[in-house]
Structure formats: C-alpha cells, structure tokens
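The end of the sequence shown is residue 304 by this note's numbering, with every number in the run present. For glycine and all other residues, C-beta sits at the position ideal for the given N, C-alpha and C. Scroll down for the structure; my scribbles are underneath it.
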Amino acid sequence: MKEKSTNISIKNWHEKDRPREKFLNIGKDVLSDAELLAILLGSGNRNESAVQLSQKILRSVSNNLNELGKLSVTELMQFNGIGEAKAVAVAASLELGRRRRKEKVMDRKKITSSAIAYEYFYPIIGELPHEEFWIVYLNNSNKVIQSIQLSKGGITGTLVDIRLALRHALEMRATSLILAHNHPSGNLNPSKSDKQLTLKLKNACESLDIKVLDHIIVAEKSYFSFADEDLL
73 MKEKSTNISI KNWHEKDRPR EKFLNIGKDV LSDAELLAIL LGSGNRNESA VQLSQKILRS
133 VSNNLNELGK LSVTELMQFN GIGEAKAVAV AASLELGRRR RKEKVMDRKK ITSSAIAYEY
193 FYPIIGELPH EEFWIVYLNN SNKVIQSIQL SKGGITGTLV DIRLALRHAL EMRATSLILA
253 HNHPSGNLNP SKSDKQLTLK LKNACESLDI KVLDHIIVAE KSYFSFADED LL
C-alpha cells in the first residue's frame, strides 16, 4: 500500500507563516535562509513543502550558503521537486549575490591592509575550483587603479609572465601593487614556487621603483599574507 503524504501545502499555512507573505508584510530580515530559498523554489514536491525541501537542500551543504553557491544546476536537480528551471533560478540568484558582494568590496577602492586585500580578492577568486593569479595596481595613496587577471591555471598551479605584469604597471603608472592567487585545496602554506615568484616580481618591480606591498594567498575561509609573515 502506498504511503499517504502527510505534507501540508504552504497555501494552507497561516498567512504570517508563509515565506512570501512574511517577506512582504514583515520584512526580508526576519526570514531564515530556508524560507528565502523556498521563495525562489515556489513549490516543493508531493511529500515536502518548499520550506522543507529548502531545509533538506541546505542540510546537504551543512547550511553553508557559500557551499550552496557551488552546486551546479545538475547537482540541484538531484533533489526531488527541483527541475531545470528552479535549479537555474537558484544558481542565478546566488551568482547575483556573489557579484553584489564583489561590487560592494570594489567600491572601497583603497587597500591599506592584508585583511582588506583578502576582502577585495575573495569575491573574485575565493571560491574557484582552479588557480588564478591576479594583480591589483595602486597609486601612491594605495587607491586601486585596476585589477587584472594575469593567468589562469589548474587545480595545483598557474604560470605568470613577469614582463606582462610590469608592462601593465608602467602603462597604468602604478607606484605599488599587490599580488594574489588562490589555493582551491584550502591549504594556505606558500609553495616553493610561490616564494620564488614573489621574489622575482619584487626584484623586477624594485628596478622600476614600484613596490610589491603584499602577496595574498586566498582560500575559502582564510588567507596568507607574505607581508604579515615578513616574507617580503
């Protein structure tokens, strides 16, 4: 005998408990992550309301929104009740959130510490599954002129053209710069090649009277600063 569903549709909930109505009448700040996700989904499945389904999805990533943002459309569609349209809507919403965070950080335009440098670079490379090497070029007030991706590599490394880095610096009339690359593995320890590259760039820049202020290794939960560790 087929088990009868005991799920109660959100439509039958008290109005003040429905996510969409709570959003409109009370405000977005009072909604849980699951309720906000449920609004995106719109509906659940035969046995789960949209909120229950959202709770299940969040539990699968330990209630970590950063991890949720890494789920692909295909992975989202593994949940009963999530078709392609819903999966794309969720993925698109999370990508908008990531871009919003990136724009907010870049509006600061001035980098005066390793913590600010990490905050600047994290939305750019902090969640990537591969390594990328970036340079942010600064003027004499430590204000950002421009940030440029110098190279893109695999899971374990990337190659950097020092001449290209210097050419950009001269073109922008930068007086200093900050290097940054990510470690998808989460390991913050600089490799031998990381140290060698940093030294080569520092020596090359000194010949042009340009300072390398720091080299930040970006991971998902923390960072390593060459300047803070007296490696520059």
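Practice task
Compute the Euclidean distance between the alpha carbons of residue 149 and residue 165, then round it to the nearest angstrom.
Solution key: 16 Å
Problem - Exposed unless 16 or more other CB atoms sit within 10 angstroms - verdict on residue 281 - result: exposed
Problem - Assigned secondary structure, residue 287 (DSSP; H/G/I helix, E/B strand, else coil) - result: strand
Exercise for the section: Tell me, to the nearest whole angstrom, how far the beta carbon of residue 312 is from that of residue 274; I am working on the premise that it is less than 8 Å. Expected result: The first residue shown for the chain is 73 and the last is 304, placing residue 312 beyond what the model contains.
Problem - CB contact flag (residue 206, residue 252, <8 Å) - result: yes
Handout entry: 8 Å Cβ cutoff met for residue 189 and residue 250
Key = yes
Exercise for the section: Ignore the nearest five residues each way along the sequence and tell me which others in residue 293's own chain have a CB closer than 8 Å to its CB. Expected result: 258
Practice task
Can you give me the Cβ contacts of residue 223 inside the same chain, cut-off strictly under 8 Å, excluding the 5 residues immediately before and after it?
Solution key: 204, 205, 230, 231, 232 and 233
Practice task
Let me know if residue 301 comes out buried or exposed under the rule of 16 or more other beta-carbons within 10 Å of its beta-carbon.
Solution key: exposed
Handout entry: Cβ shell of residue 255 (< 6 Å), same chain only, five flanking positions each side left out
Key = 289 and 291
Handout entry: alpha helix (DSSP H) segments (min. 4 residues) lying fully within the segment 232-260
Key = 234-244
Problem - Reduced DSSP secondary structure (H/G/I, E/B, other) of residue 296 - result: strand
Practice task
Specify whether the segment 128-138 and the segment 90-110 touch according to this definition: at least 3 beta carbon pairs, one from each stretch, less than 8 Å apart.
Solution key: yes
Handout entry: The beta strand (DSSP E) enclosing residue 224, as first and last residue numbers
Key = 216-224
Problem - Nearest-angstrom Cα separation, counted from residue 217 out to residue 244 - result: 7 Å
Problem - Range covered by the alpha helix (DSSP H) that runs through residue 193 - result: 186-197
Handout entry: Extent of the continuous beta strand (DSSP E) to which residue 208 belongs
Key = 204-210
Practice task
Taking all protein chains shown into account, decide if residue 305 is buried (16 or more other Cβ within 10 angstroms of its Cβ) or exposed.
Solution key: Only positions 73 to 304 of the chain appear in the structure, and residue 305 is not among them; the question remains open.
Problem - Contacting residues, own chain, Cβ-Cβ under 8 Å from residue 145 (five flanking each side not counted) - result: 156, 159, 160 and 163
Problem - residue 221: CB within 7 Å of a non-hydrogen atom of the ligand ATP - result: The ligand ATP is not among the ligands present in this structure, which contains no ligands whatsoever.
Problem - Distance CB(residue 143)-CB(residue 126) smaller than 8 Å - result: no
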